[in-house]
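There are 2 protein chains.
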Amino acid sequence: MTVATSTAMRTIWWDAGRVRLIDQTRLPHELAIVVCETVDELASAIRGMRVRGAPALGVAAAFGIALAAVRSEARDGGALLADLAGAGRVLRATRPTAVNLSWGVEQMLSRARQLAGADVPTIRQAVVNGALALAEADERACRALGRHGADLVPDGGTVLTHCNAGALAAVAYGTALGVLRAAWEQGKRFHVLVDETRPFLQGARLTAWELVQEGIPATLITDGMAAHFLKAQVQAVVVGADRIAANGDVANKIGTYGVAVVAKENGVPFYVAAPTSTVDLSVPTGEHIPIEERSPDEVVHVAGVRIAPAGVAAAHPAFDVTPARYVTAIITERGIARAPYADSLRRLVES
Amino acid sequence: MTVATSTAMRTIWWDAGRVRLIDQTRLPHELAIVVCETVDELASAIRGMRVRGAPALGVAAAFGIALAAVRSEARDGGALLADLAGAGRVLRATRPTAVNLSWGVEQMLSRARQLAGADVPTIRQAVVNGALALAEADERACRALGRHGADLVPDGGTVLTHCNAGALAAVAYGTALGVLRAAWEQGKRFHVLVDETRPFLQGARLTAWELVQEGIPATLITDGMAAHFLKAQVQAVVVGADRIAANGDVANKIGTYGVAVVAKENGVPFYVAAPTSTVDLSVPTGEHIPIEERSPDEVVHVAGVRIAPAGVAAAHPAFDVTPARYVTAIITERGIARAPYADSLRRLVES
């Protein structure tokens, strides 16, 4: 297996009728590739967080519909569309918070529906091509988003990030880390504080790994340390998003809301980096975003070792909602949105 | 080995010229007892966090001076006092933030100094008796503190705590958990959210263990979840302290400051429970409290498993400072202090 360099790295890709993806549960210890031949295998990989991150999930959903198209034994276009819709239901049900899953499914289904009268090979090919185009567009969006956001990164300061909104959360390049990559490529120099991001440790395992590969100086901290450093040493926070409501409320990995509150309290700008596909104009505020509850087992175990006594319960909301009033700006591939977000986000999404 | 029930449990005790203590690094999986025969052995147990928690460290320091008195081969009182002072330097140097270490040492040394003209057996016995009295006083203080604080605990609500300020952080009963125990004994019913408290997991390992033993309903959460629950579900926060400055700024386990900021932002009262021995009137504000830096290895490993890639740095400030403006009240064994703390704390300490 060849280990790609980080800037060339792809998190998920289409390979002759199969989906290949980096198994993110095995990083940073091992760079292993999972091969999914069916929608069910891909859905299982998504539920198990072998692939995660909102933009990557949008692409995974599109590839999932493409897998369904390739595997379908339908004899006519109508039956094929029914198969694709079924696959869409399976994929949408895997994880409720990241809107990109639904978005990726919908992009593919609407493409297929436009060919409703066509034969099976035509629709099949259109869906596969659509998924490939969507994956390419994701990478272009991350690079554009990075260029827009790079201006906001302080030169010579410290930036804090939570979870992983890196190349591993997209097809490549990343959103929050895309902003940092773009700033670094422009010659800005800074230091990144990486929240470890319990329970799943995306910061410790994934963001730290990407930054080490990139050669950007990074220091790992526990989530509880973020506030301490925000009080004195941090000039900006950049995070990703799993869903952004029409009013600018941001659902992101659990722990983000606390970082945002403490950042505001200390006058530190709090930036959210996400493609417009993460903005869900159908959801008026963050209160309407469903928050995924994952297994408490992921809280009471770390790296396979139990850390808590028998008999104690554990909670595991996988995301939280940061109200828009804590968000300094939302960086998208089409430009930067600022408050009032109801106007600025709609303009960017509909442009 | 007999496992004591939680209310009768002692964290550290004197046993015929030796110090015995529960090895808190091995909980919750094993209730093991460490025996310290010398000051160096005890200092090593403190540095290794086998015994931790501000009140417990005050008692450990006193027992350490008693160990020095028992082991000393001094032929006269002056030489014995010199040996005790040397032991005091070793003990004070183990951990810089918890003022109770210095306080416990000073309590014993001043007792010994008052007997400066006496013979070795007399001073030795006075120091041992003094340490035993200090340990008993610690437990009485926790129980008194608990009674004062119990009034502040909501009946039927949810309380959040960070780290372990329980029986394991004192000789028995605890400070923050002492408040909850006292409220529970009074018949109040509530639910406790326990921050796991990375990197050392005192919440997951110690607080959860104490609450399970006590039969108080508890739910373990990761540190990043605290803010999410403070937004909607928590009626009060109760934590301990490692040092309280004259103005009411509170040094406590890393992560406390973020909890306090988010609590205030959401109108949730934030209570600090600590004996007056934790108040350091010689320190005007929190900025003057030394913050212990521990090994980054404790951040990049969990339960012996490495969680981060090679090549990434890690930071490990063991404490943070919560400015007094975020503290709703400080609960001591002599009553409850409220802002302005410069007045209220001095009154309680000097009463």
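Chains E and X supply the protein sequences, listed in that same order.
Plus 354 on top of the position in the first sequence (first one is 1) and you've got this note's numbering.
Plus 354 on top of the position in the second sequence (first one is 1) and you've got this note's numbering.
Where a beta carbon is used, it is the ideal one built from N, C-alpha and C, also for glycine.
Self-check item: Expected contact under 8 Å - CB spacing of Asn518/X and Gly557/X to nearest Å
Solution: Here residue 518/X refers to the residue found at position 164 of the second sequence. Here residue 557/X refers to the residue found at position 203 of the second sequence. Indeed they touch by this definition, with Cβ atoms about 6 Å apart.
Practice item. Taking only the alpha-carbon atoms, compute the straight-line gap between Thr389/E and Arg374/E and give it to the nearest angstrom. Key: Counted from its first residue, the first sequence places residue 389/E at position 35. Counted from its first residue, the first sequence places residue 374/E at position 20. The question names Thr, yet the displayed sequence has Val at residue 389/E. Those two C-alpha atoms are separated by around 5 Å.
Any C-beta of chain E within less than 8 Å: which residues of the segment 548-576 of chain X qualify?
Within the segment 548-576 of chain X, those residues whose Cβ lies closer than 8 Å to any Cβ of chain E are, in chain order, Val548, Asp549, Glu550, Thr551, Arg552, Pro553, Leu555, Ala558, Arg559, Ala562, Trp563, Leu565, Val566, Pro571, Ala572, Thr573, Leu574, Ile575 and Thr576.
- Task: Mind listing the chain X neighbours of Ile661/E? Cutoff is C-beta to C-beta under 8 Å, in chain order.
- Result: Taking the first sequence and counting its residues from 1, one reaches residue 661/E at position 307. Those are Glu550, Leu555, Ala558, Arg559, Val656 and Ala657, listed as they occur along chain X.
Gly609/E and His516/E: beta carbons closer than 7 Å?
Along the first sequence, one-based indexing puts residue 609/E at 255. Along the first sequence, one-based indexing puts residue 516/E at 162. Cβ distance < 7 Å, so Gly609/E and His516/E count as in contact.
Identify the contact partners of Ile387/X in chain E, using a Cβ-Cβ distance below 8 Å as the criterion. The residue you call residue 387/X lines up with position 33 of the second sequence. Close partners of Ile387/X in chain E (Cβ separation under 8 Å) are lacking, with about 18 Å as the shortest Cβ gap.
Task: Proximity test, Cβ basis, 7 Å: Pro382/E and chain X - done: Reading the first sequence from its first residue, position 28 is the one you call residue 382/E. In terms of beta-carbon proximity, Pro382/E lines the interface with chain X, with at least one pair separated by less than 7 Å.
Original post:
In terms of residues, what are the limits of the alpha helix (DSSP H) holding Leu375/X?
Top reply: Here the question's residue 375/X lines up with position 21 in the second sequence. Taken as a continuous stretch (DSSP letters only), Leu375/X belongs to no alpha helix (DSSP H), being part of the beta strand (DSSP E) at Arg372 to Ile376.
Quiz item: With Ala717/X and Ala537/X assumed to form a contact (beta carbons below 8 Å), what rounded beta-carbon distance in angstroms separates them?
Solution: This structure does not reach residue 717/X, given that chain X is present from 355 up to 705, and the question cannot be answered.
Open item on the list: Any C-beta of chain X within less than 7 Å: which residues of the segment 398-418 of chain E qualify?
Closed with: So the list is empty, because no residue satisfies the distance condition.
is_contact[Pro450/X, chain E] using C-beta, thresh 7 Å
Numbered from 1 along the second sequence, position 96 holds the residue referred to as residue 450/X. Interface with chain E (7 Å Cβ-Cβ cutoff): Pro450/X is excluded.
Quickly, what does DSSP pair Lys607/X with across the bridge? List them, please. Stepping through the second sequence from its first residue, residue 607/X is reached at position 253. In DSSP, Lys607/X forms a bridge with Phe673/X.
- For Ile645/X, the three-state DSSP class (helix, strand or coil): Position 291 of the second sequence, counting from 1, holds the residue named residue 645/X. Assigned with DSSP and collapsed to three states, Ile645/X falls in coil, not helix or strand.
_Beta-carbon proximity of Thr573/E to Ala667/X, cut-off 7 Å_ = One-based indexing of the first sequence puts residue 573/E at position 219. One-based indexing of the second sequence puts residue 667/X at position 313. Yes, Cβ-Cβ distance for Thr573/E and Ala667/X is below 7 Å.
*May I have the straight-line CA-CA distance separating Asp596/E from Thr632/X, to the nearest angstrom?*
By one-based count along the first sequence, residue 596/E stands at place 242. By one-based count along the second sequence, residue 632/X stands at place 278. Roughly 43 Å between the two C-alpha positions.
Among Glu647/E, Asn454/E, Ile643/E and Leu560/E, the one whose alpha carbon lies nearest that of Met579/X: In the second sequence, the residue the question calls residue 579/X occupies position 225. Taking only the C-alpha atoms, the option nearest Met579/X is Glu647/E.
| said: Taking only three categories from DSSP, how would you classify Ala668/E? | reply: As a position in the first sequence, residue 668/E is number 314, starting the count at 1. In the structure shown, Ala668/E adopts extended strand secondary structure according to DSSP, grouped into three states.
* Output, in sequence order along the chain, the residues in the segment 600-627 of chain X whose CB is closer than 9 Å to any CB in chain E. => Listed by position along the chain: Lys607, Ile608, Gly609, Thr610, Tyr611, Gly612, Val613, Ala614, Val615, Val616, Lys618, Glu619 and Asn620.
Kindly list the residues whose CB is nearer than 7 Å to the CB of Gly500/E, restricted to its own chain and excluding five residues on each side of it in sequence; keep chain order.
The residue given as residue 500/E occupies position 146 in the first sequence. The residues are Tyr527, Gly532, Val533, Arg535 and Ala536.
Straight-line CA distance for Ala358/X to Arg364/X? Looking up residue 358/X in the second sequence gives position 4. Looking up residue 364/X in the second sequence gives position 10. Any reading at Ala358/X must be qualified, since the residue scores a pLDDT of 38, below 50, and its modelled position is unreliable; no value is offered.
Closest Cβ-Cβ distance between Asp674/X and chain B: below 7 Å?
Of the protein chains in the structure, E and X, none is chain B.
**Prompt:** For Asp697/X, which residues from the same chain have a beta carbon less than 8 Å from its beta carbon, with the 5 sequence-adjacent residues on both sides left out?
**Reply:** On the second sequence, residue 697/X is found 343 positions in, with the first residue counted as 1. Closer than 8 Å at the Cβ level, and outside the excluded window around Asp697/X, lies no residue.
Quick check on DSSP: helix, strand or coil for Tyr527/E? Translated into positions along the first sequence, residue 527/E becomes position 173. Per DSSP, reduced to three states, the secondary structure at Tyr527/E is coil, with no helix or strand assignment.
Please list, in chain order, the residues of the segment 666-695 of chain X that have any C-beta partner in chain E closer than 7 Å. Across the segment 666-695 of chain X, CB contacts with chain E closer than 7 Å involve Val666, Ala667, Ala668, Ala669, Pro671 and Asp674, in sequence order along the chain.
>> Between the segment 478-487 of chain X and the segment 673-690 of chain E, can you find at least three pairs of beta-carbon atoms closer than 8 Å?
In response: When C-beta atoms of the segment 673-690 of chain E are compared with those of the segment 478-487 of chain X, fewer than three pairs fall below 8 Å, so the two segments do not count as touching.
Practice problem: Look up Cys517/E in the DSSP assignment and say whether it is helix, strand or coil. | Solution: Here residue 517/E is taken as the residue at index 163 of the first sequence, counted from 1. Here Cys517/E sits in coil by DSSP.
Runs of 4 residues minimum, wholly inside the segment 541-619 of chain E: which ones carry the alpha helix (DSSP H) assignment? Listed in chain order, the complete alpha helix (DSSP H) runs (minimum 4 residues) inside the segment 541-619 of chain E are 562-568, 580-584 and 610-619.
With Leu435/X and Arg467/X assumed to form a contact (beta carbons below 8 Å), what rounded beta-carbon distance in angstroms separates them? Sequence index remark: in the second sequence, residue 435/X carries index 81 (1-based). Sequence index remark: in the second sequence, residue 467/X carries index 113 (1-based). Sure, about 7 Å apart at Cβ, within 8 Å.
Proximity below 7 Å, CB of Ala480/E to CB of Arg497/E
As a working note, residue 480/E is residue 126 in the first sequence. As a working note, residue 497/E is residue 143 in the first sequence. One thing to note: Ala480/E has its Cβ no nearer than 7 Å to the Cβ of Arg497/E.
At least one CB of chain E closer than 7 Å to the CB of Gly511/X: is that the case?
-> What you label residue 511/X is simply residue 157 of the second sequence in a count that begins at 1. No - not a single Cβ of chain E is within 7 Å of the one on Gly511/X.
Take the Cβ of Ser649/X as the centre, count every other Cβ of all protein chains shown within 10 Å, and call the residue buried at 16 or more, exposed below.
The sequence position of residue 649/X within the second sequence is 295, counting from 1. Ser649/X should be labelled exposed.
Checklist entry - Any beta-carbon of chain E closer than 7 Å to the one on His642/X? => result Numbered from its first residue, the second sequence carries residue 642/X at position 288. For His642/X, the answer is no, since every Cβ of chain E falls outside 7 Å of its Cβ.
Figure out for me which residue from His383/E, Ala441/E, Ala470/E and Leu455/E has the closest Cα to the Cα of Glu395/E.
Translated into the one-based positions of the first sequence, residue 395/E becomes position 41. Nearest C-alpha to Glu395/E: Ala441/E.
Can you look up Gly689/X in the DSSP assignment and give me helix, strand or coil?
Within the second sequence, the letter at position 335 stands for residue 689/X. Correct three-state label for Gly689/X: strand.
For Thr365/E, which three-state DSSP category applies?
Walking along the first sequence from the start, residue 365/E turns up at place 11. In this structure, Thr365/E counts as coil in the three-state DSSP scheme.
Enclosing beta strand (DSSP E) for Val626/E [first to last residue]:
Here residue 626/E refers to the residue found at position 272 of the first sequence. In the DSSP assignment, Val626/E falls within the beta strand (DSSP E) that extends over Phe624 to Ala627.
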